[in-house]
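Colleague:
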Amino acid sequence: MPIFNGLNFFKQSENETQENNSKKQLSLLCGLMLEAAQVDGKIDQIEIDKISKILTENFQEDQSAVELELQNSLKEIDEPKSLHSFTSKLNKEFSNKKKDLLIETLWEIILLDGKVHEFESNLIRRLAGLLYISDVSCGNARKRAQANLKNHKNQ
Numbered sequence: 758m759p760i761f762n763g764l765n766f767f768k769q770s771e772n773e774t775q776e777n778n779s780k781k782q783l784s785l786l787c788g789l790m791l792e793a794a795q796v797d798g799k800i801d802q803i804e805i806d807k808i809s810k811i812l813t814e815n816f817q818e819d820q821s822a823v824e825l826e827l828q829n830s831l832k833e834i835d836e837p838k839s840l841h842s843f844t845s846k847l848n849k850e851f852s853n854k855k856k857d858l859l860i861e862t863l864w865e866i867i868l869l870d871g872k873v874h875e876f877e878s879n880l881i882r883r884l885a886g887l888l889y890i891s892d893v894s895c896g897n898a899r900k901r902a903q904a905n906l907k908n909h910k911n912q
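Quick note on the numbering used here: the sequence shown kicks off at 758 and runs consecutively.
1) Under 8 Å between the Cβ atoms of L884 and N815?
2) Count the C-beta pairs between the segment 817-828 and the segment 843-859 that are closer than 8 Å, then say yes if the count reaches three, no if not.
3) In terms of residue numbering, what span does the alpha helix (DSSP H) encompassing Q828 cover?
4) In the structure shown, what three-state DSSP assignment does K799 receive?
5) Among the candidates L831, F843 and Q782, whose CA atom is the shortest distance from the CA of K799?
6) Closest by CA to G886, which one among N905, V873 and S845?
7) Give the range of the alpha helix (DSSP H) segment to which H874 is assigned.
8) Can you tell me whether E875 is buried or exposed, with buried defined as 16 or more other CB within 10 angstroms of its CB?
9) Check L840 in the structure and name its three-state DSSP category.
10) Taking the beta carbon of G788 as the centre, do at least 16 other beta carbons fall within 10 Å, making it buried, or is it exposed?
Structure follows, in structure tokens:
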């Protein structure tokens, strides 16, 4: 086998690894966002639409991949999951900036219905702790989420 064909193999493997990591991250994000949407006992279509929009706009994910992953995650929504399983992977793969953005978007999803249930705020506090995000940063993320929602309503 010529050496150049061997190099193409390594490049293909690297691309496949990046694609697999991207799919894993999308799966984690979908699962976590749907978990936040469900904490109040139900997931509304407006929440699913918001999650889809956030994933494509804020996290630059492919729309068709997002739709497929949302469908898969919704099928598994009632299966028991540990927050630690989500956050331990996110801590390894996400920068602090991306984790802050995640908390902000989770607040947007929770605030979307205009009410914050005790379980929802508890979930965000636990997630912030597991993601090593300070209370101040979490509070600032909530304020940004409220401002984002307010700006979208005015448009």
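Even glycine gets a Cβ: it sits at the ideal position worked out from N, Cα and C. Just so we're clear, the structure is a prediction, and the values are computed from it rather than from any experiment.
Modeller: Reading off the structure:
1) no
2) no
3) Q820 to K832
4) coil
5) L831
6) S845
7) Looking at the DSSP string, H874 is not in any alpha helix (DSSP H), and its letter there is neither H nor E.
8) exposed
9) helix
10) buried
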